[in-house]
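Visitor: Residues are numbered in this note's numbering as their position in the first sequence, beginning at 1, plus a constant of 131. Structure below; questions to follow.
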Amino acid sequence: MEPLQSLRGTVDLLPAQTPFWQRVEAVARDQFRRAGIAEIRTPLLEVTELFARGIGEATDVVGKEMYTFLDRGERSCTLRPEGTASVVRAVIQHGLLAQGPQRLWYGGPMFRYERPQAGRQRQFHQIGLEFLGFADPRSDAEAIAIAWDLLAELGLGGLALELNSLGSSDDRLRYRGELVQWLEGHRQQLDPDSQQRLSTNPLRILDSKNPHTQALLAGAPTLAAALAPESRERFERVQQALSRLEIPFVINPRLVRGLDYYSHTAFEITSSQLGAQATVCGGGRYDGLVGQLGGPATPAVGWALGMERLVLLAQAASDPAAFQAALPDLYVISRGSEAEALALPLARRARALGLAVELDLTAAAFGKQFKRADRCGARWAAVIGEAEASEGVVVLKDLRDPQGVDLRLSPEALLARLLA
RNA sequence: GCGGGCGUCGCCAAGAGGUUAAGGCAGUGGCUUGUGGCGCCACUAUUCGGGGGUUCGAGUCCCCUCGCUCGCCCCA
């Protein structure tokens, strides 16, 4: 019988990995708690139309990366490729905006059918933040600050915040026209990918990695110049707020977000230590999305962090000891049926008192059990052999002190001593 | 969807056509031990992701296939 494997682009997080994930999750949770941001959990499965309408039919994500299938009721379903559309859908569906602006976060798996590579899986995990009902430029800055501080809290270095403004949808439409017109005049000099994008998603040509295309773009009309005065002023105010928060940033006029719903502020936090998939956090403003999904016109801003990339960085940046699972306080060793019968309740009682207890269930030779006790890093060993069992006592050994004297104690006395 | 690299025991890893596929970790059994951390002995891949082919002979060469990995695209 051939053993089965996990699907391509999906991974098992083994016990050696999960402490890193838990640490990152704990830091994020605490950051959100202190910022007054509430968690929302939405289904992993949504009607396909949500993403088609929300993210944009022309995007790669919707066009060729979604896990879409018909369920038994012939409904077209899609495993969520990102979180924002679902959050917005839920907020509209439950009328949350009637209670005022919403400060929300979410986390969990997302699915995109892409070729896996470093920092990119088909099932990947994001933590995201959404501020709904906030138009003030300060909300852009605060959203960014929370991401920035979260990353700082994890001790990550080598991060850079890149910022741009895509302007209002009018600005963007106007600029798109200008850019396409200009690029049409230079079509022959564009790389094949960019020629393709000219008709599908021309703004993306701006962040092409092709050096010839980049050189050509030096002469192209800029997005910044196409911004209406109000848009420009808005962008200024976001920058001022960030400066006041002493968060360093670089304006990247080529920064364009891939999903259709973004407007005005767009940003990315990148790491120099990640290889090709350098973006740890990406986000921006999406004032049109709530309306587009059938809700009341509502300004909004948000971002998403890539957990896999974050964990990669956190793992590299930190002292491994900080990520170790807590060591057991007590390791219970027993041999012989009488002794084994006593060990089980002893472990349970110790746990009930708050101790971390590992119970050896192997019935192996004492030597083996001690070896495991030492290896697991437990502080104490409780040993019950046949003699102890018949006397109703337990031997307490200090595993950190090989010369130490063993104590023969009643179970009660042993527990009392460990708690002291 | 396109390109590069790789695929030997649970993990790490020698092995560059020729009789028996190193070693380390982990595991199991045993010796030693004041019931343990050290040390020592033994056992643990008829087989090199899978399938074809070349050859007197292939883990080592060729082809196909599967998988992993890195990059393009795209994105977090």
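Using N, Cα and C, we set each Cβ at its ideal position, and we do this for glycine too.
With distance defined between alpha-carbon atoms, name the residue in ASP338, SER465, ARG531 nearest to ARG506.
Guide: ARG531
Visitor: In chain order, what residues of the same chain lie with their CB nearer than 8 Å to the CB of PRO333, ignoring the 5 residues before and after it?
Guide: ARG307, LEU310, VAL311, LEU314
Visitor: My guess is that GLU399 and GLY250 are in contact by the Cβ rule of under 8 Å, so how many angstroms apart are they, rounded?
Guide: Contact flag wrong, Cβ pair sits at about 14 Å.
Visitor: ARG385 and LEU424: beta carbons closer than 8 Å?
Guide: no
Visitor: Heavy atom of the ligand HEM less than 7 Å from the Cβ of SER300, yes or no?
Guide: Of the ligands one can find in the structure shown there are none, so the ligand HEM has no counterpart to examine.
Visitor: At 4 residues or longer, and completely inside the region 179-253: list those alpha helix (DSSP H) runs for me, N to C.
Guide: 179-186, 191-195, 215-224
Visitor: Can you give me the Cβ contacts of THR190 inside the same chain, cut-off strictly under 8 Å, excluding the 5 residues immediately before and after it?
Guide: ASN332, GLY389, LEU390, ASP391
Visitor: Do ILE464 and ALA512 come within 8 Å of each other at the CB atom, strictly closer than that value?
Guide: yes
Visitor: Can you tell which of THR429, ALA445, LEU458 has its C-alpha closest to the C-alpha of ARG154?
Guide: ALA445
Visitor: Indicate the three-state DSSP secondary structure (helix, strand or coil) for PHE501 in the structure shown.
Guide: helix
Visitor: GLY187 to LEU181, Cα distance in whole Å?
Guide: 10 Å
Visitor: Unbroken beta strand (DSSP E) runs of length 3 or more, entirely within the region 445-494: which are they?
Guide: 461-465, 488-490
Visitor: Helix, strand or coil for ILE258? Go by DSSP, reduced to three states.
Guide: strand
Visitor: When the Cα atoms are used, what is the spatial distance from ILE168 to GLY426?
Guide: 21 Å
Visitor: Measuring CA to CA, which of HIS317, ALA457, LEU540, SER330 is closest to ALA346?
Guide: HIS317
Visitor: Taking three-plus beta-carbon pairs below 8 Å as touching, is the region 458-478 in contact with the region 272-282?
Guide: no
Visitor: By DSSP, does ASP322 sit in helix, in strand, or in coil?
Guide: coil
Visitor: With distance defined between alpha-carbon atoms, name the residue in LEU545, VAL488, ARG375 nearest to PRO268.
Guide: ARG375
Visitor: Throw me the rounded Cβ distance for the GLU245 and ARG253 pair, which I believe falls under 8 Å.
Guide: Correct: roughly 6 Å between the Cβ atoms.
Visitor: With burial defined as no fewer than 16 other Cβ atoms inside 10 Å of the residue's Cβ, what is the status of ILE382: buried or exposed?
Guide: exposed
Visitor: In this structure, how does DSSP classify ASP529 when only helix, strand and coil are distinguished?
Guide: strand
Visitor: Scan the region 380-451 and note each continuous alpha helix (DSSP H) run of 4 residues or more that stays entirely inside, going in chain order.
Guide: 420-423, 438-448
Visitor: List in chain order: all unbroken alpha helix (DSSP H) runs of 4+ residues lying wholly within the region 291-335.
Guide: DSSP runs (the alpha helix (DSSP H)) wholly in the region 291-335: 300-315, 323-331.
Visitor: Alpha carbon to alpha carbon, what distance is there between LEU201 and LEU292?
Guide: 40 Å
Visitor: With C-beta atoms as the reference, is ASP302 less than 8 Å away from LEU358?
Guide: yes
Visitor: If you follow the beta strand (DSSP E) that ALA513 is in, where does it begin and where does it stop?
Guide: 511-515
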